[in-house]
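All remarks here apply to the structure that follows.
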Amino acid sequence: MLSSGEFGTSIVVADLEAGIGTLSRLGDSQVDLTLVVVEPTPRSLDVGRRAIDLARENKQGRVIVVVNKVVDVETDLALVREKLGDAELVVVPDDDAVLDADRAGTALLDHAPDCPAARALVELVDLVFDSAA
Amino acid sequence: MKIAVVGKGGAGKTTTSAVLARSLARQGREVVALDCDTNPNLGISLGVGDLETERLVSLREQLDDGDVEHAADWDEILDRFGTDGPDGVRLGVITRIENPDPG
Amino acid sequence: MKVAFVGKGGSGKSTIAGTFARVLARRGEAVLALDSDPLPGLPYALGLPVDDRPIPDDAVVAGPEGGPRWVLSPGLDPATIIERYAVLGPDDVRYLQFGNTSGHISTIQRAQFAWSETVKGVDTDRWNLVGDLPGGTRQAMLGWGSYADCAILVAEPTSKSLHSARRLLRLSDADWGPTTVLIVANKVRHADDAERISSRLERPVTIVVPMSAEIMAGDRLGVAPLDVDPDGSFVESVRALVDHVAGLYHHVEEAP
Chain D
246 MLSSGEFGTS IVVADLEAGI GTLSRLGDSQ VDLTLVVVEP TPRSLDVGRR AIDLARENKQ
306 GRVIVVVNKV VDVETDLALV REKLGDAELV VVPDDDAVLD ADRAGTALLD HAPDCPAARA
366 LVELVDLVFD SAA
Chain S
376 MKIAVVGKGG AGKTTTSAVL ARSLARQGRE VVALDCDTNP NLGISLGVGD LETERLVSLR
436 EQLDDGDVEH AADWDEILDR FGTDGPDGVR LGVITRIENP DPG
Chain U
42 MKVAFVGKGG SGKSTIAGTF ARVLARRGEA VLALDSDPLP GLPYALGLPV DDRPIPDDAV
102 VAGPEGGPRW VLSPGLDPAT IIERYAVLGP DDVRYLQFGN TSGHISTIQR AQFAWSETVK
162 GVDTDRWNLV GDLPGGTRQA MLGWGSYADC AILVAEPTSK SLHSARRLLR LSDADWGPTT
222 VLIVANKVRH ADDAERISSR LERPVTIVVP MSAEIMAGDR LGVAPLDVDP DGSFVESVRA
282 LVDHVAGLYH HVEEAP
């Protein structure tokens, strides 16, 4: 359905079902970029591993892993590397501002636009679009 | 350009989608944010608020229950089951995106 | 008792469910932990070093002509399936997995059929059932938690979690729904968090579980709460939840 839609020049950001259900049912080559969001916990990385494999298998474009809630870069990324190998990574620091925004039910960009987590996610846009251009 | 965002629940998938969508829109691009989760709450992270998010979900549930005739194309889906969010992001709640013909 | 944990992904269902199962087992009860998440997380919370342990293919054979698609293999019934295929974990909890999405699709369907048959036919006089449903509403909507007469809804004090919780509460009103729904407030950081959850869900909060740095650290190491911080506030709260639920069942048994 994603590919059949006429979105014209719009950029489509599809927030898929938690887990890998939607991803496993999408047809081949439906998207140009797959962002796999993980936390540095074994459980979250198990899901991330499956998502990466599926996205590659079904040719869902470039795959970037967003490592969220990073407390200690060295320890956390070591675990991520152990589970996910050489995937392309972007690091988002652990940030209470995200919890506070969620608690308040507001957007992170409205609640704390300059917090470390928001800045890291905004940089992700530059990474994706600079290298795509 | 189409971007899929996946991950375990609670990992930060929806926050990532929302910041990404709004940052792109702030650069002057037209952005459509699609909430494909069976438990849709992208609206909250985009900043359209609790009530509006719940309104969109119940619209979507009526469609899944067959109470509303299916929309013809994306524009219509976004008009009927979507809303305009901050920075001009258009949000649509599309619970069953993998199924081209729900119901 | 027959309980199932539900809630948004990441709310802490599995972590609480696994701890609940072990606390109950330490009291001498026979506990069967039921994991219907196709991306299983319960093993981490139980402290069980397994990932992929579905019931094997040959537990199921094709059904008779004109009958159901599958039946359990001759000689297998729920009791023998539990005996043979439920993994024995810490504190003697038995863990039965629904099947992991890494497998082949027909294998998974067979494993899931065997799982469902086992859950339908399990001897509930012998076993306490502690189930963990996947995040979101899909399984809950399809009645996967219907083995439970008590649903435990785990909610965080965030708008997204409460939004999901409200949807789940609406689903729990279905015909097959549980007779009791309890609310657990998890990852509580502020004094008014529990009150906020309670007013948003229009139900009392049964147990408040504070945010715990120790449990989060254990999560990163893949270590179960009971093994990382056995006397901390998290485990204490789960003990209180077990007490509460046990009290409900005790009350029912004593009723005329």
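Protein chains in written order, with our numbering: chain D, 246 to 378; chain S, 376 to 478; chain U, 42 to 297. Ideal placement from N, C-alpha and C gives every residue a C-beta, glycine not left out. The structure displayed is predicted, hence computed values, not measured ones.
query: Would the region 66-82 of chain U and the region 125-136 of chain U be scored as touching if the rule is three or more Cβ pairs under 8 angstroms?
result: yes
- prompt: Taking all protein chains shown into account, do 16 or more other C-beta atoms lie within 10 angstroms of the C-beta of Gly-116 (chain U), making it buried, or fewer, making it exposed?
  reply: Against the third sequence, residue 116 (chain U) aligns to sequence position 75. Result: exposed.
- request: Within 10 angstroms of the Cβ of His-204 (chain U), are there 16 or more other Cβ atoms? Answer buried if so, exposed if not.
  value: Taking the third sequence and counting its residues from 1, one reaches residue 204 (chain U) at position 163. Its Cβ being crowded by 16 or more others within 10 Å, His-204 (chain U) is buried.
message: Applying the 10 Å Cβ sphere with the 16-neighbour rule, what's the burial state of Asp-359 (chain D)?
response: Counting from one through the first sequence, the residue named residue 359 (chain D) turns up at place 114. With fewer than 16 other Cβ atoms within 10 Å, it is exposed.
message: For Lys-201 (chain U), list the residues DSSP reports as bridge partners.
response: Taking the third sequence and counting its residues from 1, the one referred to as residue 201 (chain U) is at position 160. Answer is none; Lys-201 (chain U) lacks a bridge partner.
- prompt: Where Ala-86 (chain U) and Gly-403 (chain S) are concerned, what is the direct C-alpha to C-alpha distance, given to the nearest angstrom?
  reply: Position 45 of the third sequence, counting from 1, holds the residue named residue 86 (chain U). Position 28 of the second sequence, counting from 1, holds the residue named residue 403 (chain S). For Ala-86 (chain U) and Gly-403 (chain S), the distance between alpha carbons rounds to 46 angstroms.
task: Starting from the beta carbon of Asp-410 (chain S), find every residue of chain U whose beta carbon is closer than 7 angstroms, and list them in chain order.
output: Residue numbering aside, residue 410 (chain S) sits at position 35 when the second sequence is read from its first letter. Here the premise fails: no neighbours, minimum Cβ distance about 11 angstroms.
Where the alpha helix (DSSP H) containing Asp-260 (chain U) begins and where it ends: Here residue 260 (chain U) refers to the residue found at position 219 when the third sequence is read from its first residue. 254-262 is the span of the alpha helix (DSSP H), which, as asked, contains Asp-260 (chain U).
- prompt: First and last residue of the beta strand (DSSP E) that includes Arg-135 (chain U)?
  reply: Taking the third sequence and counting its residues from 1, the one referred to as residue 135 (chain U) is at position 94. Taken as a continuous stretch (DSSP letters only), the beta strand (DSSP E) holding Arg-135 (chain U) covers 135-138.
field: Buried or exposed (CB count within 10 angstroms, at least 16 for buried), Ala-352 (chain D)
entry: Here residue 352 (chain D) refers to the residue found at position 107 when the first sequence is read from its first residue. Burial call: buried.
field: Contacts that Asn-303 (chain D) makes with chain S (C-beta to C-beta distance below 8 angstroms)
entry: Taking the first sequence and counting its residues from 1, one reaches residue 303 (chain D) at position 58. Going along chain S, no residue has its Cβ under 8 angstroms from Asn-303 (chain D), so there is no contact; the nearest lies around 10 angstroms.
query: At a Cβ threshold of 8 angstroms, is Val-257 (chain D) touching chain U?
result: Locating residue 257 (chain D) in the first sequence gives position 12, where the first residue counts as 1. Answer no: the Cβ-Cβ gap between Val-257 (chain D) and chain U never drops below 8 angstroms.
Pro-251 (chain U) versus U:Glu-277, U:Val-163 and U:Asp-260, residue with shortest Cα-Cα distance: Indexing the third sequence from 1 puts residue 251 (chain U) at position 210. Closest by alpha carbon: U:Glu-277.
message: Let me see if you follow: with CB-CB separation under 8 angstroms, is Thr-56 (chain U) close to chain S or not?
response: Within the third sequence, the letter at position 15 stands for residue 56 (chain U). Closer than 8 angstroms: no.
message: Can you confirm whether Tyr-136 (chain U), when its beta carbon is compared against all beta carbons of chain D, has any partner nearer than 8 angstroms?
response: Mapped onto the third sequence, residue 136 (chain U) falls at position 95. Taking Cβ atoms only, chain D never reaches closer than 8 angstroms to Tyr-136 (chain U), which makes this a no.
- prompt: Ordered along the chain, which non-local residues of its own chain (more than five positions away) have a Cβ less than 6 angstroms from that of Pro-119 (chain U)?
  reply: One-based indexing of the third sequence puts residue 119 (chain U) at position 78. Here the set comprises Thr-159, Gly-162 and Val-163.
field: Beta-bridge pairing of Pro-251 (chain U) - partner residues as DSSP gives them
entry: One-based indexing of the third sequence puts residue 251 (chain U) at position 210. Note: Pro-251 (chain U) sits in a beta bridge opposite U:Val-229.
field: Contact residues within the region 232-245 of chain U, judged by C-beta distance below 7 angstroms to chain D
entry: none
field: Cutoff 8 angstroms: Pro-338 (chain D) Cβ touching any chain U Cβ
entry: Position 93 of the first sequence, counting from 1, holds the residue named residue 338 (chain D). No, no contact with chain U.
field: Cutoff 8 angstroms; reference Arg-295 (chain D); Cβ partners in own chain excluding five residues on either side
entry: For the purposes of this step, residue 295 (chain D) is taken as residue 50 along the first sequence, with counting starting at 1. Excluding positions up to five away in sequence, the list reads Ile-265.
query: Once you ignore the five residues that flank Asp-339 (chain D) on each side, which residues in its own chain have a CB closer than 7 angstroms to its CB?
result: Residue 339 (chain D) sits at position 94 when you count from the first residue of the first sequence. These residues qualify, in order along the chain: Lys-314, Val-315 and Val-316.
field: Nearest-angstrom Cα separation, counted from Arg-280 (chain U) out to Pro-271 (chain U)
entry: Along the third sequence, one-based indexing puts residue 271 (chain U) at 230. Along the third sequence, one-based indexing puts residue 280 (chain U) at 239. Straight-line Cα distance between these residues: approximately 11 angstroms.
query: For Gly-177 (chain U), which option in D:Val-312, D:Thr-267 and D:Val-336 has the closest C-alpha, if you only look at C-alpha atoms?
result: Position 136 of the third sequence, counted from the start, is the residue given in the question as residue 177 (chain U). Cα-wise, what sits closest to Gly-177 (chain U) is D:Thr-267.
query: Got a sec: is the Cβ-Cβ distance from Arg-435 (chain S) to anything in chain D below 8 angstroms?
result: In the second sequence, counting from the first residue as 1, residue 435 (chain S) sits at position 60. No, Arg-435 (chain S) does not count as interfacial toward chain D.
field: Opening and closing residue of the alpha helix (DSSP H) in which Asp-341 (chain D) lies
entry: Position 96 of the first sequence, counted from the first residue, corresponds to residue 341 (chain D). That run of the alpha helix (DSSP H) goes 341-349.
task: Please report how far the alpha carbon of Ser-187 (chain U) lies from the alpha carbon of Phe-46 (chain U), in whole angstroms.
output: Position 146 of the third sequence holds residue 187 (chain U). Position 5 of the third sequence holds residue 46 (chain U). Taking the straight line joining both Cα atoms gives about 12 angstroms.
message: Please report the straight-line C-alpha distance between Thr-199 (chain U) and Ala-349 (chain D), rounded to a whole angstrom.
response: Numbered from 1 along the third sequence, position 158 holds the residue referred to as residue 199 (chain U). Numbered from 1 along the first sequence, position 104 holds the residue referred to as residue 349 (chain D). About 7 angstroms.
query: With DSSP run on the structure shown, which of helix, strand or coil describes Thr-220 (chain U)?
result: Counting from 1 along the third sequence, the entry for residue 220 (chain U) is found at position 179. It is coil, neither helix nor strand.
- prompt: Can you list, in chain order, the residues of the region 175-201 of chain U whose Cβ is nearer than 7 angstroms to any Cβ on chain S?
  reply: Gly-176, Gly-177, Thr-178, Arg-179, Ser-200 and Lys-201
query: Do you know offhand how far Thr-320 (chain D)'s Cα is from Gly-263 (chain U)'s?
result: Residue numbering aside, residue 320 (chain D) sits at position 75 when the first sequence is read from its first letter. Residue numbering aside, residue 263 (chain U) sits at position 222 when the third sequence is read from its first letter. Each residue's Cα considered, the two are about 14 angstroms apart.
- request: May I ask you to report which of helix, strand or coil DSSP gives Leu-409 (chain S)?
  value: Counting from 1 along the second sequence, the entry for residue 409 (chain S) is found at position 34. DSSP places Leu-409 (chain S) in strand when its eight states are reduced to three.
Chain D contacts made by the region 83-94 of chain U, where a contact means CB separation under 8 angstroms: Tyr-85 and Asp-92
- request: Can you have a look at Leu-466 (chain S) and say buried or exposed, based on whether 16 or more other CB atoms are within 10 angstroms of its CB?
  value: Walking along the second sequence from the start, residue 466 (chain S) turns up at place 91. Counting Cβ neighbours within 10 Å, Leu-466 (chain S) comes out buried, since at least 16 surround it.
query: What is the rounded straight-line gap between the Cα of Val-343 (chain D) and the Cα of Ala-232 (chain U)?
result: In the first sequence, the residue the question calls residue 343 (chain D) occupies position 98. In the third sequence, the residue the question calls residue 232 (chain U) occupies position 191. Whole-angstrom Cα-Cα distance: 19 angstroms.
message: Could you check whether the Cβ of Asp-321 (chain D) sits closer than 7 angstroms to any heavy atom belonging to the ligand SAM?
response: In terms of ligand content, the structure shown is empty, and the ligand SAM therefore cannot be addressed.
- request: Could you confirm whether any beta carbon from chain D is found closer than 8 angstroms to the beta carbon of Glu-405 (chain S)?
  value: What you label residue 405 (chain S) is simply residue 30 of the second sequence in a count that begins at 1. Answer yes: the Cβ-Cβ gap between Glu-405 (chain S) and chain D drops below 8 angstroms somewhere.
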